[in-house]
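Its first residue numbered 17, the sequence shown is counted upward by one per residue in my numbering.
Inspection log for the structure reproduced underneath, given as structure tokens.
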Amino acid sequence: MINRRTIVQLAVGMALGAPSLTGFAQQSITLRFHTFMSPMSNVWVSMNKVWMEKVQRESDGRIRFEAYPAMQLDGAPVQPYDQARDGVADIVWTLTGYSPGGFPCSEVFVLPFMTTNAEATSKAFWEFIKTKASNEHKEVHPIAVQVHRPGMLHTRDRLFEAPYDLRGLKMRGPTRQTTKMLGYLGANAVGMPLPKIPDALQKGPLDGCVIPWDVVPSVKVHELTKFHSQFDPGSGALYTTTFVTATNKRKYESLPPDVRKVLDPNSGITASASLGRAHQCGDDPARKLVEARGNVTHNFGQVEAQEFRRAASQVEVEWVKDMESRGFDGRDLLSTARALIEKHTKTTKT
């Protein structure tokens, strides 16, 4: 009997164009790619799969992938980074916020109103980890880092039009800092991995959540909520989330030089930019699904954005103080991140 996991693996294998075992099977190297994202998500279809297909194609079959979306290698959604570190998986794509305290300097990128578009900020994030936070990924070999497009709010029963309309609502946040921000806006903030959102919305523990547009279809938020609130592009992002594509360090170091010559050009700032760009390209299809259901979308203007900035500013103040209490120069990290984002925003086509 073929179970669900087998079906997903077979489907993914065919989607990646896995070559037959005849001919070069003994010469090929197979890497296990693992993530918590659904095989139907934009992240999986437009980012993870596309990256694997490109690497496999450019290696002429020297590199192959066993692809495992939706935690098919087992474990909880918060565990892929640890699995890459420990060798349970060879490569993972995951959210750094699922490892609280593991990336203190990089956390600057998830502060309120830090980011612009996903591609530019992803390039800034890569440059930042290489110059200011290199120790944070020393247990793995990072392939790319990225952010998503400015995140937004989705609520089940109440339209969110002003900073404190969240008072009393149970809202899901993806990271420690975003959860703090929701608390300052008056919400009862709940930290929760993405895959748990549908059940929590359907059964009632949650009144809403913050996720970017492109993730909406994969967790059925367009079906489980009625109201969606977003900021104009020029207002900045209420929040964003940071992600990493990471390889087990020992596995990477064991790869032959010719294999590394394929992986390395598909890593770094170029890969980070590509993933960020692909992430934001999934927004429009999600918006169309929301419109088709007759849901309500509210756009915050510049004046409203300034009100949000004031309400959420304490998150930034507390982050700087916390970093300084831990021996880091929080102000320098903050100013560096902003300068890098500004630099890459100026040179990135939107």
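A virtual CB, placed ideally from N, CA and C, is assigned to each residue, including glycine.
Looking at residue j and residue i, is the spacing between their C-beta atoms short of 7 Å?
{"i": "V163", "j": "T256", "result": "yes"}
{"i": "D106", "j": "K267", "result": "yes"}
{"i": "P158", "j": "A294", "result": "no"}
{"i": "S288", "j": "S138", "result": "yes"}
{"i": "L198", "j": "G189", "result": "yes"}
{"i": "A327", "j": "L201", "result": "yes"}
{"i": "F141", "j": "V161", "result": "yes"}
{"i": "T352", "j": "K146", "result": "no"}
{"i": "S245", "j": "L169", "result": "yes"}
{"i": "F259", "j": "L349", "result": "no"}
{"i": "F324", "j": "P211", "result": "no"}
{"i": "G224", "j": "R276", "result": "no"}
{"i": "F247", "j": "L254", "result": "yes"}
{"i": "A216", "j": "M187", "result": "no"}
{"i": "P281", "j": "P209", "result": "no"}
{"i": "F81", "j": "M63", "result": "no"}
{"i": "V331", "j": "K196", "result": "yes"}
In whole angstroms, give me the CA-to-CA distance for residue i and residue j.
{"i": "A136", "j": "G292", "result": "8 Å"}
{"i": "R309", "j": "W229", "result": "15 Å"}
{"i": "G39", "j": "I45", "result": "At G39 the pLDDT is 39, less than 50, meaning the model places this residue with poor confidence and gives no usable figure here."}
{"i": "A302", "j": "G343", "result": "42 Å"}
{"i": "G284", "j": "F144", "result": "12 Å"}
{"i": "S150", "j": "I357", "result": "18 Å"}
{"i": "K365", "j": "T132", "result": "12 Å"}
{"i": "P233", "j": "W109", "result": "19 Å"}
{"i": "L222", "j": "V278", "result": "44 Å"}
{"i": "G207", "j": "C297", "result": "26 Å"}
{"i": "E74", "j": "K236", "result": "35 Å"}
{"i": "E307", "j": "S270", "result": "50 Å"}
{"i": "Q318", "j": "F129", "result": "12 Å"}
{"i": "W60", "j": "H50", "result": "10 Å"}
{"i": "G220", "j": "F176", "result": "18 Å"}
{"i": "I227", "j": "H238", "result": "11 Å"}
{"i": "Q88", "j": "A100", "result": "14 Å"}
{"i": "F125", "j": "D274", "result": "35 Å"}
Taking its Cβ as the centre, do 16 or more other Cβ atoms sit within 10 Å of residue i, making it buried, or is it exposed?
{"i": "T363", "result": "exposed"}
{"i": "K337", "result": "exposed"}
{"i": "R48", "result": "buried"}
{"i": "A41", "result": "With a pLDDT of only 47 at A41, under the threshold of 50, the placement of this residue in the model should not be trusted, and no figure is reported."}
{"i": "Q218", "result": "exposed"}
{"i": "R165", "result": "buried"}
{"i": "A369", "result": "Outside the displayed range of the chain (17 to 366) lies residue 369, so it cannot be described from this structure."}
{"i": "P55", "result": "buried"}
{"i": "S251", "result": "buried"}
{"i": "D300", "result": "exposed"}
{"i": "P96", "result": "buried"}
{"i": "G113", "result": "buried"}
{"i": "K154", "result": "exposed"}
{"i": "E123", "result": "buried"}
{"i": "S36", "result": "Only weak support is given to the placement of S36: the predicted model assigns it a pLDDT of 34, under 50, and the question is left unresolved by the model."}
{"i": "G117", "result": "exposed"}
{"i": "K304", "result": "exposed"}
{"i": "D90", "result": "exposed"}
Going by alpha carbons, who is nearest to residue i out of the options?
{"i": "V312", "options": "F243, A321 and K70", "result": "F243"}
{"i": "C121", "options": "Q193, L210, L201 and E152", "result": "E152"}
{"i": "V104", "options": "I227, H360 and Y84", "result": "Y84"}
{"i": "G167", "options": "W142, G118 and L127", "result": "L127"}
{"i": "V231", "options": "H50, F52, E239 and S57", "result": "S57"}
{"i": "P272", "options": "I79, N64 and F129", "result": "I79"}
{"i": "M53", "options": "A86, E332 and Q330", "result": "A86"}
{"i": "A134", "options": "S290, T191 and I227", "result": "S290"}
{"i": "Q43", "options": "D76, E332 and R174", "result": "D76"}
{"i": "H314", "options": "A203, R174, R347 and T194", "result": "R174"}
{"i": "M339", "options": "T191, H360, F119 and F316", "result": "F119"}
Just curious, the beta strand (DSSP E) that residue i is in, first and last residue?
{"i": "H244", "result": "F243 to F247"}
{"i": "E155", "result": "Run containing E155: none; DSSP gives neither H nor E here."}
{"i": "T313", "result": "V312 to F316"}
{"i": "M187", "result": "K186 to G189"}
{"i": "E69", "result": "It is not in any beta strand (DSSP E) - E69 instead sits in the alpha helix (DSSP H) that spans K65 to E74."}
{"i": "H164", "result": "Careful: H164 lies outside any beta strand (DSSP E) and carries neither H nor E."}
{"i": "F81", "result": "I79 to Y84"}
{"i": "V226", "result": "G224 to I227"}
{"i": "L111", "result": "I107 to L111"}
{"i": "V206", "result": "N204 to G207"}
Taking residue i as part of the alpha helix (DSSP H), name the residues at either end of that continuous run.
{"i": "T257", "result": "Per DSSP, T257 belongs to no alpha helix (DSSP H) and is neither H nor E."}
{"i": "F52", "result": "Element bounds for F52: n/a, residue is neither H nor E."}
{"i": "T137", "result": "A134 to T147"}
{"i": "A100", "result": "P96 to D102"}
{"i": "G199", "result": "R192 to Y200"}
{"i": "S270", "result": "K265 to S270"}
{"i": "Q88", "result": "No alpha helix (DSSP H) contains Q88, which DSSP labels as neither H nor E."}
{"i": "G292", "result": "G284 to Q296"}
{"i": "S251", "result": "Where S251 is concerned, there is no enclosing alpha helix (DSSP H), given that its DSSP letter is neither H nor E."}
{"i": "Q218", "result": "I213 to K219"}
{"i": "S351", "result": "G346 to K362"}
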